[in-house]
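Residue numbers (my numbering), protein chains in the order written: chain L, 3 to 645; chain Y, 4 to 254. Structure first, commentary second.
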C-alpha cells in the first residue's frame with residue numbers, strides 16, 4: 003500500500019516462556035530489584051492520575067521512590083476513570099459458578115477476538131483477585147449482600163457473575179481509593195503533585211526517556227522536568243471522534259508526543275463503540291453520556307418489527323416488537339459483548355427500524371424487570387443512572403423505555419509495550435488505557451478498571467524496578483541540548499498556533515474531524531471510505547493550520563489554546579488510525595470491515611494474515627509498520643460465537 | 004430560547020473583576036447549561052473576545068470539576084444536579100441568568116469562573132484515607148460489613164468534591180466535604196484503626212486551608228448535587244469530641 007512502509011518485525015516481548023501460570027512469577031524472580039535505601043535516590047515521573055496513574059504513583063511512593071505526578075485537571079481525583087460506572091472483574095469465584103483465573107483469561111482473550119497477547123492477559127487475570135482485596139482494605143464501599151459479603155453481577159461476554167461494583171459509581175469509588183492513597187503520600191512528602199499541568203513533550207537523552215516538558219496551565223510557564231523513568235498513564239484517545247463518552251479534556255497528546263519521539267503506537271484502529279449511550283439530540287451536543295452496560299442485566303433491547311413505526315413504545319404490542327439480541331444470540335441474549343451489541347443496533351437502524359426523533363436509537367426497556375422485581379429493586383440497582391437519563395432527556399425511564407445508541411467509549415489501541423509495560427523507548431512505561439496491551443480488538447465490560455489497577459498497583463511497580471536498578475542516571479539540567487530542543491519544539495508550536503489568527507474556532511475543526519472519523523472509521527469501515535478519510539483529514543489539517551483562531555495569549559489560563567494543541571495531535575493520530583484500519587483487511591472485535599464479514603454479518607477474522615499486533619513507528623513521510631506475531635498456545639482461536 | 008447572561012469576568016487573581024452582560028440566541032432547551040456557554044464562547048472567539056473560562060471535564064456529573072453560582076445557587080436551580088447536568092429546559096425564554104464563580108476564602112479565583120480548590124486535596128492528605136500500602140491487604144472477605152453500614156458508607160462516599168457546599172456556606176466552611184469522608188471511613192471496619200487520628204488530622208487541615216467554621220446553617224446539604232446528608236457533620240463532631248477526649252493524635 004502507498005500509505006506506509008513495512009519494517010522489521012518485533013520479536014522480543016520480554017514475556018517469559020514456560021507454562022503460562024508461572025510466567026509472571028518467573029518474570030518477577032528474574033527481574034532485578036532495587037534496595038530500599040537506594041529507592042529514594044530514584045525519581046519517577048507519572049503523567050495522569052486515573053486508576054492506572056494514581057495507583058502507580060501511590061504504590062511507587064510507598065515503595066520509597068521519589069514520585070512526581072502530573073495531571074491537567076485541578077485535582078488528581080477528577081481523572082476520567084471516575085466516570086466508569088458498571089464494575090470491575092475479578093476471578094474470585096465467590097459465586098461458586100465455575101469461575102477461575104483461567105476462565106477470566108479465556109473470556110478476555112476470546113472477548114478480544116484473539117488479538118491480544120496471552121501472557122499479558124493471564125497475568126491480568128491472576129492479579130485481578132488482589133485488586134479486590136486491596137480496594138476493600140482502602141475502604142472502597144463495594145455493594146454487599148445481607149450477610150456482609152461482597153455482591154457481584156454479570157457483565158457482557160461472560161456467563162459467570164464476576165463483576166464487583168459500587169452501584170453505578172464503581173470507577174468513582176475505586177479512583178477515590180487510589181486518590182486517597184496518593185494524597186497520603188503527598189502528605190508524607192513522597193509525591194510532588196502538580197495539578198493543572200499538561201505534558202507537551204517527552205525528553206529523550208541517550209536513547210532513554212528522561213523527562214517531560216510541561217506547561218503550567220494557570221501561569222502558562224513552560225518547564226523541563228527530569229526523572230530516571232517516565233510513566234505515561236494518560237488514558238485513551240476516543241475524543242478523536244469529538245463526540246464520545248470521554249471527558250472533554252481527554253486527549254492523546256502525551257502518548258502522541260512520545261510516539262513522535264520513537265515509541266511505537268499499536269493497533270490504533272481498535273476502538274470500542276459502546277452500545278448503551280444516550281442518543282445525540284442535536285448539533286450543539288458536546289459529549290455523549292454512557293448508560294452502564296450493567297443495565298443490560300435487566301433491560302431488554304428492542305425495536306419495532308415494522309420500519310418507521312412511530313407509535314408510543316408502550317402502545318406497541320409484544321408480537322410487533324423485535325427483541326433482536328435475544329433473537330439472534332439466544333445463549334447470551336442482551337449480554338453479548340459490546341462490539342456485537344453495537345453493530346446489531348446499527349444494523350436495525352440501517353434497516354429503518356430505529357426509534358426516536360433522529361431514528362438513530364433503540365429501546366432499552368425495563369418494564370418486564372419492574373414487573374418481575376418491583377420498582378424498588380430496580381431503583382436500588384440503577385437509581386442514579388435512571389436519574390441521569392431523566393435529567394438529560396427529560397423522559398422518565400421507569401415509565402417510558404430508554405432510548406440508546408452506540409457511542410465511542412474506549413480505545414484498545416495505544417502505545418506498544420512489552421511484558422514489562424515498557425515502550426520501545428527505554429525508561430518509558432505506559433499503563434492503563436494509554437497502552438495497547440490486554441484487550442485485543444475488543445474490551446469486555448468491567449475490564450478497564452481491572453487493567454488500570456492491575457498495571458498501577460501490581461504490574462508496573464514490579465517491572466519498573468528492573469529498569470531502575472541500572473540508575474540513578476546522569477543528573478540533567480534544563481540547559482541539556484535535548485531538553486532545550488524539546489522545550490523549543492513546544493514553544494514554537496504554541497507560537498504557531500497563536501499566530502494563525504484565522505476565522506474558525508478550534509471546536510469547529512474538532513467537530514468536523516469527528517464527523518469524518520465517525521463516518522469512515524467508526525462502527526463499519528471500508529477501503530474506499532478509509533482512503534477518502536485520509537484525504538479529508540489531510541485537507542482539514544491543512545485548513546486548521548491556516549484558519550484556526552485562538553483569542554488570548556500563552557501567558558496564563560487559555561482553554562482555547564489547550565484545546566488547539568490537543569486537536570492538532572488528534573489530526574495526526576486520526577490519519578494513523580485510518581491507515582491502520584485500511585491495512586487490516588479483516589474484521590475483528592471493534593474493527594469491522596464491510597468487505598470482511600461472514601454470510602450472517604458477523605466479523606470475519608483472517609488469522610493467516612493478521613494474527614499480529616500492528617506496531618507503528620512514526621515516520622516524517624510515512625509510518626512504518628512493525629508486526630508482532632501473536633501465538634495462541636492456550637486459547638485456540640475460533641470464530642467467536644455468542645449464539 | 005433567547006437569554007440575557009450576566010457573567011463574572013476576572014482576568015486573574017489580581018484583577019478586581021466585574022459582571023459583563025451578554026445576549027445568547029437560539030438556545031435549545033435540550034442543551035446542557037455548559038453547552039449553552041459553549042455557544043457563547045464560540046461566538047466570542049469569532050468576535051475576537053476572550054471566551055469565558057470555566058472548569059468542566061466529564062460533563063456527566065461525576066468528576067466534580069464544574070461548578071458555578073447560577074442565579075445565586077450553587078450549580079443552579081435544580082436540586083441534586085451539577086452544572087453540567089443542568090439542562091436549559093429548566094429556564095424560560097427571555098430569562099436573565101447571573102453566573103458567578105464559587106466565592107470562598109479557601110477557593111481563590113483563578114480566572115472568570117475558575118477557582119482553585121487545592122484546599123480539598125489538603126484535607127484528604129491530612130487524613131482522609133486508610134493506611135493500606137499496596138500488597139498488604141487481607142482477603143476481601145476477611146471482614147464482612149453489614150449491608151446497612153456498607154450502604155450508609157456508600158451514601159457518604161458519593162461526594163464528588165465539587166465545592167458547592169463551601170460556596171453555599173455563609174462561613175465558607177468545608178465541613179460537609181470533610182464529614183462525608185470521615186463518615187464513610189468511620190462506618191467501615193477498615194477505617195477503625197485510624198478513626199480518631201483521622202478526624203483530628205482532617206479538621207486541622209480543613210482549618211489550616213482557610214475554610215470557615217461550621218455553624219450548622221445547613222445550606223451545604225441543600226445544594227449538594229449528591230445529597231450528602233447534614234447528619235454526617237454530627238457524626239464528625241461526635242468522633243472529634245471522642246478523639247480529643249482520648250487525647251489521640253493531639254498533644
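Ideal Cβ positions, reconstructed from N, Cα and C, are used throughout, including at glycine. What you are looking at is a predicted structure, and each value in this text was computed from that prediction instead of being measured.
(message) 7 Å is my cut-off, CB to CB: does residue 54 (chain L) come that close to chain Y?
(response) For the purposes of this step, residue 54 (chain L) is identified with residue 52 of the first chain, where counting begins at 1. Output row for residue 54 (chain L): interface = no.
(request) Within the same chain, show all residues whose beta-carbon is closer than 8 Å to that of residue 64 (chain Y), passing over the 5 residues directly before and after it, in chain order. (result) Position 61 of the second chain, counting from 1, holds the residue named residue 64 (chain Y). Hits under 8 Å: 84, 85, 87, 88, 163, 228.
(message) Along the region 40–68 of chain Y, where does the CB come closer than 7 Å to a CB of chain L? Name the residues.
(response) 41, 42, 45, 48, 49, 51, 52, 53, 54, 56, 58, 59, 60, 61, 62, 63, 64, 65, 66, 67, 68
(request) Determine, using beta carbons only, whether residue 239 (chain Y) comes closer than 7 Å to chain L. (result) Here residue 239 (chain Y) is taken as the residue at index 236 of the second chain, counted from 1. Not an interface residue.
(request) Take residue 479 (chain L) and list the residues in its own chain whose beta-carbon comes closer than 8 Å to its own, dropping the five residues that flank it on each side. (result) Residue 479 (chain L) sits at position 477 when you count from the first residue of the first chain. Closer than 8 Å at Cβ, skipping near neighbours: 485.
(request) Give the residues of chain Y in contact with residue 286 (chain L), contact being defined as C-beta atoms less than 7 Å apart. (result) Counting from one through the first chain, the residue named residue 286 (chain L) turns up at place 284. Chain Y residues near residue 286 (chain L): 31, 34, 38, 42.
(request) Please state if the CB of residue 163 (chain L) and the CB of residue 206 (chain L) are separated by a distance shorter than 7 Å. (result) Locating residue 206 (chain L) in the first chain gives position 204, counting from the first residue. Locating residue 163 (chain L) in the first chain gives position 161, counting from the first residue. Not a contact, by the Cβ cut-off of 7 Å.
(message) Considering only DSSP beta bridges, list what residue 246 (chain L) is partnered with.
(response) Start at 1 with the first residue of the first chain, and residue 246 (chain L) comes out as number 244. Per DSSP, none; premise fails for residue 246 (chain L).
(message) To the nearest angstrom, how far is the alpha carbon of residue 16 (chain L) from that of residue 614 (chain L)?
(response) As a working mapping, residue 16 (chain L) is identified with position 14 in the first chain. As a working mapping, residue 614 (chain L) is identified with position 612 in the first chain. Those two C-alpha atoms are separated by around 16 Å.
(request) Go ahead and label residue 31 (chain L) buried or exposed: buried means 16 or more other beta carbons lie within 10 angstroms of its beta carbon, across all protein chains shown. (result) Position 29 of the first chain holds residue 31 (chain L). With fewer than 16 other Cβ atoms within 10 Å, it is exposed.
(request) Kindly say whether residue 85 (chain L), judged by its beta-carbon, lies nearer than 7 Å to any beta-carbon of chain Y. (result) Residue mapping note: residue 85 (chain L) aligns to position 83 of the first chain, counting from 1. Yes, contact with chain Y.
(message) For residue 103 (chain L) and residue 91 (chain L), I'd like the C-alpha separation in whole angstroms.
(response) Counting from one through the first chain, the residue named residue 103 (chain L) turns up at place 101. Counting from one through the first chain, the residue named residue 91 (chain L) turns up at place 89. Their Cα atoms are separated by approximately 11 Å.
(message) Restricting to runs no shorter than 4 residues, where is the alpha helix (DSSP H) found entirely within the region 246–321 of chain L?
(response) 255–262
(message) So within the region 188–222 of chain Y, which uninterrupted alpha helix (DSSP H) runs reach at least 4 residues, ignoring any that extend past its ends?
(response) 198–211
(message) For a contact defined as C-beta to C-beta under 7 Å, what are the partners of residue 405 (chain L) on chain Y?
(response) Within the first chain, residue 405 (chain L) is the residue found at index 403, counting from 1. Going along chain Y, no residue has its Cβ under 7 Å from residue 405 (chain L), so there is no contact; the nearest lies around 13 Å.
(request) For residue 126 (chain L), count neighbouring C-beta atoms within 10 Å of its own C-beta (all shown protein chains included) and say buried if the count is 16 or more, exposed if not. (result) In the first chain, counting from the first residue as 1, residue 126 (chain L) sits at position 124. Label assigned to residue 126 (chain L): buried.
(message) Please list, in chain order, the chain L residues whose beta carbon lies closer than 7 Å to that of residue 24 (chain Y).
(response) For the purposes of this step, residue 24 (chain Y) is taken as residue 21 along the second chain, with counting starting at 1. Those within 7 Å of residue 24 (chain Y) in chain L number zero; the least Cβ separation is about 19 Å.
(request) Give a yes or no on contact between the region 126–146 of chain L and the region 134–141 of chain Y, applying the rule of three or more CB pairs nearer than 8 Å. (result) yes
(message) Which residues in chain Y have a C-beta closer than 8 Å to the C-beta of residue 390 (chain L)? List them in chain order.
(response) Here residue 390 (chain L) refers to the residue found at position 388 when the first chain is read from its first residue. Ordered by position in chain Y, the residues that pass the 8 Å Cβ test against residue 390 (chain L) are 63, 64, 88.
(message) Counting beta carbon pairs with one atom in the region 17–25 of chain Y and one in the region 615–628 of chain L, are three or more of them shorter than 8 Å?
(response) no
(request) Go ahead and pull the three-state DSSP assignment for residue 568 (chain L). (result) On the first chain, position 566 is the one that residue 568 (chain L) refers to. Three-state DSSP puts residue 568 (chain L) in a helix.
(request) Name, in chain order, the residues that DSSP records as bridge partners for residue 214 (chain L). (result) The residue given as residue 214 (chain L) occupies position 212 in the first chain. DSSP, once it has assigned bridges, lists L:204, L:227 as partnering residue 214 (chain L).
(request) Buried or exposed for residue 637 (chain L), please, with buried defined as at least 16 other CB atoms from any protein chain shown within 10 angstroms of its CB. (result) On the first chain, residue 637 (chain L) is found 635 positions in, with the first residue counted as 1. Buried, by the Cβ-count rule.
(request) Would you tell me roughly how many angstroms separate the C-alpha atoms of residue 389 (chain L) and residue 72 (chain L), rounded to the nearest one? (result) For the purposes of this step, residue 389 (chain L) is identified with residue 387 of the first chain, where counting begins at 1. For the purposes of this step, residue 72 (chain L) is identified with residue 70 of the first chain, where counting begins at 1. When rounded, the distance between both Cα atoms is 34 Å.
(message) Which of the three DSSP states is assigned to residue 364 (chain L) in this structure?
(response) Working through the first chain from its first residue, we reach residue 364 (chain L) at position 362. Reduced to three states, the DSSP call for residue 364 (chain L) is strand.
(request) Give the secondary structure of residue 65 (chain L) by DSSP, where H, G and I count as helix, E and B as strand, and everything else as coil. (result) Start at 1 with the first residue of the first chain, and residue 65 (chain L) comes out as number 63. Reduced to three states, the DSSP call for residue 65 (chain L) is helix.
(message) Any beta carbon from chain L within less than 7 Å of residue 164 (chain Y)'s own beta carbon?
(response) What you label residue 164 (chain Y) is simply residue 161 of the second chain in a count that begins at 1. Closer than 7 Å: yes.
(message) Quick check on DSSP: helix, strand or coil for residue 590 (chain L)?
(response) Start at 1 with the first residue of the first chain, and residue 590 (chain L) comes out as number 588. Note: residue 590 (chain L) maps to strand in three-state DSSP.
(request) For the region 450–523 of chain L, list the alpha helix (DSSP H) runs that are entirely contained and at least 4 residues long, ordered along the chain. (result) 450–455, 462–470, 483–502, 508–523
(message) Within a Cβ cutoff of 8 Å, which residues of the same chain sit near residue 492 (chain L), ignoring the five residues on either side of it in sequence?
(response) The residue labelled residue 492 (chain L) in the question sits at position 490 within the first chain. Closer than 8 Å at the Cβ level, and outside the excluded window around residue 492 (chain L), lie 202, 203, 215, 217, 224.
(message) Which residues in chain L have a C-beta closer than 8 Å to the C-beta of residue 191 (chain Y)? List them in chain order.
(response) As a working mapping, residue 191 (chain Y) is identified with position 188 in the second chain. Simply 141, 143.
(message) Under 8 Å, with one C-beta from each stretch per pair, do the region 31–40 of chain Y and the region 569–585 of chain L reach the 3-pair mark?
(response) no
(message) What would DSSP say about residue 635 (chain L), mapped onto helix, strand or coil?
(response) Along the first chain, one-based indexing puts residue 635 (chain L) at 633. Three-state DSSP puts residue 635 (chain L) in coil, outside helix and strand.
(message) Taking DSSP's pairing of strands, which residues face residue 413 (chain L) in a bridge?
(response) The sequence position of residue 413 (chain L) within the first chain is 411, counting from 1. In the DSSP output, where bridge partners are listed per residue, residue 413 (chain L) has L:273.
(message) Contact between the region 167–185 of chain L and the region 528–548 of chain L is defined here as three or more beta-carbon pairs at a separation below 8 Å; is this criterion met?
(response) no
(request) State the start and end residues of the unbroken beta strand (DSSP E) segment that holds residue 114 (chain Y). (result) Position 111 of the second chain holds residue 114 (chain Y). First-last of the beta strand (DSSP E) with residue 114 (chain Y): 112–114.
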